[in-house]
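Structure record follows, encoded as structure tokens.
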Amino acid sequence: MTEEFEDMIEEVEDEVVEDSQSSADPIDTEEVVEEDELIVTDEMLDTIADTAIAALQDILQYFNVGEVTIDEYVGDEGELILDISGKDMAVLIGRHGKTLDALQFTVSMITVRTIGFRYPVIVDVEGYKNRQRQKLESIAHSSANRAASQHRKVGLRPMTPYERRIIHIALRDDDRVETVSEGEGPSRHVVVVPL
């Protein structure tokens with residue numbers, strides 16, 4: 002990440018946090034925590050979405066992408082998905098999705114800091130991550146088949162936390178294998194282990 006981009010992120014983060022603290026009521030989570038699991042009400046989800054969209058819109062001003070549409074919906078695992086569409090979106094994806102990963106990380110961190118707890122927010126550009134998710138699920142299933150048939154561990158390439166989560170979710174109901182994450186930092190990867 003360039004120093005200019007890092008400075009821009011800090012500036013936007015400060016603005017969004019200040020705006021949200023002055024205009025939005027903080028979410029009171031004390032009454033909704035049940036057995037260490039946070040129950041998110043529709044009102045809370047609206048606040049999370051508003052916060053994440055405000056952060057995303059503030060950041061997009063720096064990308065010169067023109068008019069964009071941000072569709073919001075809840076994913077299969079309960080995560081909030083913000084899908085950006087418009088003209089010239091390649092700049093938001095970047096090489097191998099690195100810019101999109103940085104954008105998602107930034108929006109997620111601003112949202113966490115603002116609302117006071119972690120809730121999964123996924124930033125996508127014209128379904129790019131959905132297509133990537135399908136590829137990762139295919140890799141997961143073929144790795145599980147190989148691990149089960151060859152009775153040996155299968156290590157996958159290093160992945161981002163989001164990508165590793167997709168692999169774990171894709172194979173969690175497969176009773177032939179289990180998945181574990183190994184390694185540190187950028188070398189962290191999933192290993193598919195036969196049972």
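Numbering of the sequence shown is given in the numbering used here, commencing with residue 2 and proceeding in unit increments.
Using N, Cα and C, we set each Cβ at its ideal position, and we do this for glycine too.
- The count of Cβ pairs closer than 8 Å, one atom from the stretch 166-173 and one from the stretch 138-145, reaches three, so the stretches are in contact.
- Leu93 and Phe64 do touch by the CB rule: their CB atoms are close to 6 Å apart, below 8 Å.
- Here the stretch 104-111 makes contact with the stretch 51-68; the two share three or more CB pairs at distances below 8 Å.
- Distance between His152 and Val181, taken at the CA atoms: about 16 Å.
- With a threshold of 16 other beta carbon atoms within 10 Å, Lys130 meets it and is buried.
- Taking the C-beta atoms as reference points, Val69 is found nearer than 8 Å to Gly87.
- Between Ala145 and Leu172, the C-beta spacing is below 8 Å.
- DSSP places Pro162 inside the alpha helix (DSSP H), whose first and last residues are 162-172.
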